[in-house]
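Visitor: Just passing along the structure, written as structure tokens.
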Amino acid sequence: MLSKKERNMKKKKKKSEKKDLKTQYQGLIERIQNNYTEVNLENRTNCYICPTCGITKTKDIDKGVTPMVIMCPKCNKNFAKSTFYIDIDSSIPVTHEWYRPSLDEFLKLDRDMQEHVLKGGLDYRSRSE
Ligand SMILES: [Zn+2]
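Positions in the sequence shown are counted from 1; adding 41 to them yields my numbering.
Next comes the structure, spelled out in structure tokens:
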């Protein structure tokens, strides 16, 4: 068991970590506004190709960085590789979108994901969610 003093110290530490994260997140938003001015979200449709399931089509709804390879959202077994924003089959609809987590969402992410977001990384979700 922790003493009351230790508990309070832990609480304080957590609070200041949260404040740090907020500051870092706000810095990120400023950087995005200044550094991604050339990105045009109109043509940020991307395809991820799984050797088994084929194409998962995504669209960026925020400006940021997306990975070259993701775990295939359809089978969750294979890696799916990016076509680097080339829409190789226009008949397939967009099913997933890349977005920047809000500050509240960001604070709930695990450490690795927070690091990714702070580097300009986007997270993705199914469009139906
Ligand atoms: Zn797959």
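Ideal Cβ positions, reconstructed from N, Cα and C, are used throughout, including at glycine.
#1: Tell me the DSSP bridge mates of residue 87?
#2: How would you call residue 104, buried or exposed, if buried means at least 16 neighbouring beta carbons within 10 angstroms?
#3: Just to check, is the beta-carbon of residue 107 closer than 8 Å to a non-hydrogen atom of ligand 1?
#4: Can you list, in chain order, every residue whose CB sits closer than 5 Å to a heavy atom of ligand 1?
#5: Based on the DSSP secondary-structure assignment, which residues constitute the bridge partners of residue 122?
#6: Just confirm the distance between the C-beta atoms of residue 73 and residue 161, as a whole number of angstroms; I'd bet it's less than 8 Å.
Guide: In terms of the structure at hand:
#1: DSSP lists 99 as partners of residue 87.
#2: Counting every other CB atom within 10 Å of its CB across the protein chains shown gives residue 104 a total of 16 or more, marking it as buried.
#3: No, the beta carbon of residue 107 sits no closer than 8 Å to any heavy atom of ligand 1.
#4: Taking each Cβ in turn, the ones that pass are 91, 93, 94, 113, 115, 116, 119.
#5: DSSP lists 90, 110 as partners of residue 122.
#6: Between residue 161 and residue 73 the Cβ distance is about 6 Å, and since that is below 8 Å, they are a contact.
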